[in-house]
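Novice: Pasting in a structure now, in structure tokens, and then I'll have a few things to ask.
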Amino acid sequence: MSHGSVSFLEARKLEKRWKGPLPAIVNLLFTLVIFYATWWIFQDPRGVMRLYTPYVGYMYTRWLLIILIWVAYIFDFWPFRREWMEKAHPLVKGAILTLLSVALMLALIKGFFEGLLGNYAMAYFNPDQLTKLKGITEFFAAEYAATACLMFAAIASWLSPAWVVAMEEAPWQDLKQPVKGMSIWIVTFFLSTLIYLMTMHPHMGILYYPWQEFTSITPPYWEAFANTVSGNFHIAWIMCCTVVVWLMETIWERYPFSAIRNPWGRRLSIFFAIIAISLALTFFFYFAQELAWGEAIRGHKRDAAPDWRWLHVGETAIFFLLPALFLYMYCDNWPRKFSTPVNMLVRTAIVVAAGLAVYAVYYRTSHLFLGTQKGFSHPQQFPMIPTIWLINIWLINYWFMDNWPGWTMRMKTADELAAEAAAREAEHTWSPRMLPGLAVGTAVGVALYFVIVRMVPVVSESVTLIPK
Amino acid sequence: MSDNKTSFSRRDFIKGAALGVGLGTLGAMGAYSYSSRRFEDLPKVQRKMQSFGTCRSVKAKVVSETSWFDNGKLMADIKSAGGLLVDQYTYNWPPFGDGTGLGKGSYQKGIAQIRDLLPNRLEEAWEITKAKSVNPMNAGGFAALVEVEDMDGKVRKYLLDSGWSFAWTDECFRREGIDKMLANGEIEALIVSHEHFDHFWGLPVTLKYAPGIKIYIPDSFYAEGLQYIKDAGHKGELVKVKKGLHPIEPGMASYMFDVPIICRVFGEQSLYFNVADLGLVSITGCCHQGIILFADTAYRELAYEHDRFHGLYGGLHISPFEDWDPKYDDLVIGLRKWNLEKVGCNHCTGIVTAKKFIDAGYPVVEGTARFRTKDKAYLGNGDTIRFAKV
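The listed protein sequences correspond, in order, to chains A and B. First residue of the first sequence? That's 1 in my numbering, and the numbers climb one at a time after it. First residue of the second sequence? That's 1 in my numbering, and the numbers climb one at a time after it.
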């Protein structure tokens, strides 16, 4: 196995600059400083550019995320040469790759969505086209266009990495860049378009009076199931997909599906498992809100509104992605000393506990330093913006800057790559001897679920997150 | 993927068990969480049926529902200042303009320009603030006169909110005779629904005529709002309404919701009336908590005639900037289950919403579109709505 046959991210080895937790602490502080400085400059309603309107700021946040994924995961840093990636200083790489990503993001938003689609396909992608409609102000024209545009990015940020994580880049895995990247990009872009048209286009179609029944399905087909005509129902499961795809890639190591030896069986199982797990989480996060706050009431404006409850499903999911990525990128995916299933379980428990803590801290304190409004369900309260903004900075630090300053980077030797692959193959196995444990564990898991169901109302009743 | 060894091994058992915990939990989540069986786990609504008396009738007079006159200008200001989460005291709108421009003001700098002139020399104060504020002539305001007839036939008057622009609010007060009612002590109290600029910043106009008037505010006012009440010249009792029910007189109660609101405002109080032999009537300033929550809260908390939600008047804060969202359609659809018999809406309800209500067959009382009210779908400036058993 050589460097050329694996991606740059797989071929590099990150080594701690100092022993113990210091590198993680240093990088956390470093990225938090960048987070807060950039938040103030770009997003904060009290800051310089004040993009947190919220949808305009959210659009840029989502699009930056998907561009980062494309640059690192789909195109493997093409057109930059591997040599340059190996030798350039992390600060230089970080600056150049980030600027390139921002330029691509602006070109896509302004050129493709607003310019091309907004002028020649669907008016709602272009604020200028929307302001031609009677009664629509510039502010909401920009918000509507941003909503449409960002939802495309949300769908793509599930499907694009899923093609690497689940589909293992097949059937183009043996091609060279940029043909491989371009093939995956075109297919995932096409699938994103298809899913966008079936999920968010009907949402956009009923934004106008009267409903645009000639161009979209009104009322939308999910109304009876989701108890709302809002596309937030789709945001719920799509956001869960974007989170689960990274859980699968990081703390779960694609196990147990990685034990399937048939390539297409393995790929398809991971792809659909991501969707199935996401749907399970979607329904549970919705149910948890019902347990905490009571049954949803259609037409309600705030935390009892079904549309907000679905949105909050996605918001909740993102809170768990933060600790999962931190564990993977800055804690070497701790622990590693047990068997893969046990490692997965321990990591999942850590992520659940840390995710709940981040959720509580966010709603308890974020209004004090982010310039947002306190409360759960303010229409302009979007925890997905600061959380994804921080994730973007972590990804830039991890993918583009090789975890500088807490880590140094060197390339793995061919032997190391081979040893890693062999160890993974040896560990990622399935045995019928696991069946008794699986049966007992499944029963425990079901019992655990019902314990959680009983605990949610009690915890909700005894904990007040929103300060007076 | 298979392994032929089948003898028991502790390590394999633990591996299987670890995997099974995830499988079982996720499987149960998927199978149960959105099934119809889940409703058995949800708490049943326990109605408190709290009585707050009855009144014979309620009448609302629209003093002003036009909080601003040009939506485009207002939203352009908000957009330029940084959006709907920006602190309202920094917008540099009147009366807190200090000449520094959009998004750069503060309460302290703004009030310093006019404090000495409040509340009696309002014309001078307005001229100063007009010169230093952004789009001062776009400011209007919301205010309504609420007349409650008790079971003995005695009528008590309340002012709900005090507008925004000093000039516009004073003009409306004089047009509807509110100035004289305030000066004569005919109005029992000013009820400020919430701290928003268009409901609260015209306070000195009320205080010019009745500085000693009793004022009810939500207890969630920010420091700037509390200081403004003092700076505007208030000499009377100030009641800070805590979250929940606050009876005012038989058949009339305020209810405070601790709801987060745009432009950094928190909390709104709205009014419930229990009209004899008719049912529940609600009167709202903006109803940021949402009319469905307002109705549902009454259902859970209160006892009212015939257990019927009869009617409502006020701003419903659905599409105040003529914006739209599919969730508003949920509201239009969801409101049907309450079987309202009389709906008077205006201000932040949104004309699109009012038209959708009419399209949906709701009993909307249309107005006369006078005194700068834009559409007859709204109960407009100078119009009246009365809730009483005929």
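Where a beta carbon is used, it is the ideal one built from N, C-alpha and C, also for glycine.
Below 8 Å, how does it come out for the region 343 to 363 of chain B and the region 20 to 32 of chain B: are there three or more Cβ pairs, yes or no?
Specialist: No, the region 343 to 363 of chain B does not touch the region 20 to 32 of chain B.
Novice: Alpha carbon to alpha carbon, how far is A:HIS367 from A:LEU465?
Specialist: For this step, residue 367 of chain A is matched to residue 367 along the first sequence. For this step, residue 465 of chain A is matched to residue 465 along the first sequence. Cα to Cα, A:HIS367 sits roughly 12 Å from A:LEU465.
Novice: Note down, one range per segment and in chain order, each alpha helix (DSSP H) of at least 4 residues found wholly within the region 190 to 238 of chain A.
Specialist: Counting only runs of 4 or more, we get 223 to 226.
Novice: Against chain A, which members of the region 74 to 86 of chain B pass a CB distance test of less than 7 Å?
Specialist: So the list reads MET75, ALA76, ILE78, LYS79, GLY82, GLY83, LEU84, LEU85, VAL86, given in the order they occur along the chain.
Novice: In the DSSP assignment, the beta strand (DSSP E) including A:LEU68 goes from what residue to what residue?
Specialist: As a working note, residue 68 of chain A is residue 68 in the first sequence. Premise fails: A:LEU68 lies in the alpha helix (DSSP H), 55 to 69, not in any beta strand (DSSP E).
Novice: Who pairs with B:LYS59 in a beta bridge, going by DSSP?
Specialist: Numbered from 1 along the second sequence, position 59 holds the residue referred to as residue 59 of chain B. Answer by DSSP bridge pairing, in chain order: B:GLU147, B:ARG386.
Novice: For B:MET1 and A:SER431, what's the separation of their Cα atoms in angstroms?
Specialist: Locating residue 1 of chain B in the second sequence gives position 1, counting from the first residue. Locating residue 431 of chain A in the first sequence gives position 431, counting from the first residue. Low local confidence applies: a pLDDT of 43 at B:MET1 is under 50, so the model's placement there is unreliable, with the coordinate-based value given in what follows. If I take the Cα positions, the gap works out to 8 Å.
Novice: Kindly indicate the opening and closing residues of the alpha helix (DSSP H) around A:LEU435.
Specialist: Position 435 of the first sequence holds residue 435 of chain A. Start and end: 435 to 462.
Novice: So what does DSSP say about A:LEU32, is it helix, strand or coil?
Specialist: The residue given as residue 32 of chain A occupies position 32 in the first sequence. Here A:LEU32 sits in helix by DSSP.
Novice: Taking the alpha-carbon positions, what's the B:TYR378 to B:VAL365 distance?
Specialist: Taking the second sequence and counting its residues from 1, the one referred to as residue 378 of chain B is at position 378. Taking the second sequence and counting its residues from 1, the one referred to as residue 365 of chain B is at position 365. Roughly 8 Å between the two C-alpha positions.
Novice: Closer than 8 Å by C-beta to A:VAL351: which residues in its own chain qualify, once you throw out the five before and the five after it? Chain order, please.
Specialist: In the first sequence, counting from the first residue as 1, residue 351 of chain A sits at position 351. Once the five neighbours on either side are set aside, the close Cβ partners of A:VAL351 are LEU247, ILE251, PHE320, PRO323, ALA324, LEU327.
Novice: Can you list the residues of chain A that B:ARG264 reaches, using a CB-CB cut of under 8 Å?
Specialist: Taking the first residue of the second sequence as position 1, residue 264 of chain B is located at position 264. The contacting residues are GLN373.
Novice: So A:LEU9 packs on A:ALA72, CB below 8 Å; how close in whole Å?
Specialist: Residue 9 of chain A sits at position 9 when you count from the first residue of the first sequence. Residue 72 of chain A sits at position 72 when you count from the first residue of the first sequence. That belief holds up - the Cβ atoms of A:LEU9 and A:ALA72 are roughly 6 Å apart, short of 8 Å.
Novice: Closer than 9 Å between beta carbons: that is the criterion. Which residues of the region 21 to 45 of chain B meet it against chain A?
Specialist: The region 21 to 45 of chain B vs chain A, Cβ under 9 Å: VAL21, GLY22, LEU23, GLY24, THR25, LEU26, GLY27, ALA28, MET29, GLY30, ALA31, TYR32, SER33, TYR34, SER35, ARG38, PHE39, ASP41, LEU42, PRO43, VAL45.
Novice: For B:ILE114, which residues of its own chain have a beta-carbon under 7 Å away from its beta-carbon, when the five flanking residues on both sides are left out?
Specialist: Within the second sequence, the letter at position 114 stands for residue 114 of chain B. PRO95, ALA125, ILE128, THR129, listed in sequence order.
Novice: Does DSSP put B:GLY22 in a helix, a strand or coil?
Specialist: One-based indexing of the second sequence puts residue 22 of chain B at position 22. In the structure shown, B:GLY22 sits in a helix (DSSP, three-state: H, G or I).
Novice: Verify whether the separation of the beta carbon atoms of A:TRP163 and A:ASN232 is less than 9 Å.
Specialist: Within the first sequence, residue 163 of chain A is the residue found at index 163, counting from 1. Within the first sequence, residue 232 of chain A is the residue found at index 232, counting from 1. Result no, Cβ atoms of A:TRP163 and A:ASN232 do not sit closer than 9 Å.
Novice: Compute the Euclidean distance between the alpha carbons of A:ILE393 and A:GLN212, then round it to the nearest angstrom.
Specialist: Taking the first residue of the first sequence as 1, we reach residue 393 of chain A at position 393. Taking the first residue of the first sequence as 1, we reach residue 212 of chain A at position 212. Between A:ILE393 and A:GLN212, the C-alpha separation is close to 39 Å.
Novice: Count the other CB atoms, across all protein chains shown, that sit within 10 Å of the CB of A:ARG410; report buried if there are 16 or more and exposed otherwise.
Specialist: Here the question's residue 410 of chain A lines up with position 410 in the first sequence. A:ARG410 comes out exposed.
Novice: Out of A:GLU461, A:SER460, A:LEU435, A:VAL463, which one is the CA nearest neighbour of B:VAL21?
Specialist: Here residue 21 of chain B is taken as the residue at index 21 of the second sequence, counted from 1. Looking at the Cα atoms, A:LEU435 is the closest of the given residues.
Novice: Quick one: what does DSSP say B:LEU302 is sitting in, helix, strand or coil?
Specialist: As a position in the second sequence, residue 302 of chain B is number 302, starting the count at 1. Three-state result, B:LEU302: strand.
Novice: What does A:VAL453 touch in chain B if you count any residue whose Cβ is under 7 Å from its own?
Specialist: The sequence position of residue 453 of chain A within the first sequence is 453, counting from 1. Within 7 Å Cβ-Cβ: ASP41.
Novice: Use the C-beta contact count for A:LEU150: other C-beta atoms within 10 angstroms, 16 or more gives buried, fewer gives exposed.
Specialist: To locate residue 150 of chain A, count along the first sequence from 1; it is residue 150. Under this definition A:LEU150 is a buried residue.
Novice: Measure the alpha-carbon distance for B:GLY103 versus B:SER35 and round it to whole angstroms.
Specialist: The residue labelled residue 103 of chain B in the question sits at position 103 within the second sequence. The residue labelled residue 35 of chain B in the question sits at position 35 within the second sequence. Computed Cα separation, rounded: 49 Å.
Novice: With the cut-off set at 9 Å, would you say A:ILE270 and A:MET167 are in Cβ contact?
Specialist: The residue given as residue 270 of chain A occupies position 270 in the first sequence. The residue given as residue 167 of chain A occupies position 167 in the first sequence. Cβ distance < 9 Å, so A:ILE270 and A:MET167 count as in contact.
Novice: So the candidates are A:THR53, A:PHE152, A:SER216; which of them puts its Cα closest to the Cα of A:HIS493?
Specialist: An answer regarding residue 493 of chain A cannot be provided, because it is not within the stretch 1 to 468 covered by chain A.
Novice: State yes or no: is the beta carbon of A:ASP307 nearer than 9 Å to at least one beta carbon in chain B?
Specialist: Position 307 of the first sequence holds residue 307 of chain A. It does; some Cβ of chain B falls within 9 Å.
Novice: If distances are taken between C-alpha atoms only, which option among A:LEU395, A:TRP407, A:PRO467, A:THR340 comes closest to A:GLU537?
Specialist: Any question about residue 537 of chain A goes unanswered here, given that chain A covers just 1 to 468.
Novice: Cβ of B:GLY141 within 9 Å of Cβ of B:SER64?
Specialist: As a position in the second sequence, residue 141 of chain B is number 141, starting the count at 1. As a position in the second sequence, residue 64 of chain B is number 64, starting the count at 1. For B:GLY141 and B:SER64, yes; Cβs fall inside 9 Å.
Novice: Let me make sure I understand the geometry here. Which of A:ILE260, A:HIS428, A:ALA236 has the alpha-carbon closest to that of A:TYR286?
Specialist: Position 286 of the first sequence, counted from the first residue, corresponds to residue 286 of chain A. Selected option, being the one with the closest Cα: A:ALA236.
Novice: Considering B:GLN269, what are the terminal residues of the beta strand (DSSP E) in which it resides?
Specialist: If you number the second sequence from 1, residue 269 of chain B lands on position 269. It spans 265 to 275 - the beta strand (DSSP E) in which B:GLN269 sits, taken as one unbroken run.
Novice: Select from the region 368 to 387 of chain B all residues with a C-beta closer than 9 Å to any C-beta belonging to chain A, and list them in chain order.
Specialist: Cβ contacts with chain A come from no residue of the region 368 to 387 of chain B.
Novice: For A:GLN173, does the count of other Cβ atoms within 10 angstroms reach 16, so buried, or fall short, so exposed?
Specialist: Residue numbering aside, residue 173 of chain A sits at position 173 when the first sequence is read from its first letter. Exposed, by the Cβ-count rule.
Novice: Taking only the alpha-carbon atoms, compute the straight-line gap between B:VAL155 and B:GLU147 and give it to the nearest angstrom.
Specialist: For the purposes of this step, residue 155 of chain B is taken as residue 155 along the second sequence, with counting starting at 1. For the purposes of this step, residue 147 of chain B is taken as residue 147 along the second sequence, with counting starting at 1. Approximately 6 Å between the Cα atoms of the pair.
Novice: How would you list, in chain order, the residues of chain B whose beta-carbon sits under 9 Å from the beta-carbon of A:ILE235?
Specialist: If you number the first sequence from 1, residue 235 of chain A lands on position 235. Simply none; closest approach about 12 Å.
Novice: Decide yes or no for the touch test of the region 270 to 280 of chain B against the region 244 to 261 of chain B: beta carbon pairs closer than 8 Å, at least 3 of them.
Specialist: Yes, since at least three Cβ pairs between the region 270 to 280 of chain B and the region 244 to 261 of chain B fall closer than 8 Å, the two stretches touch.
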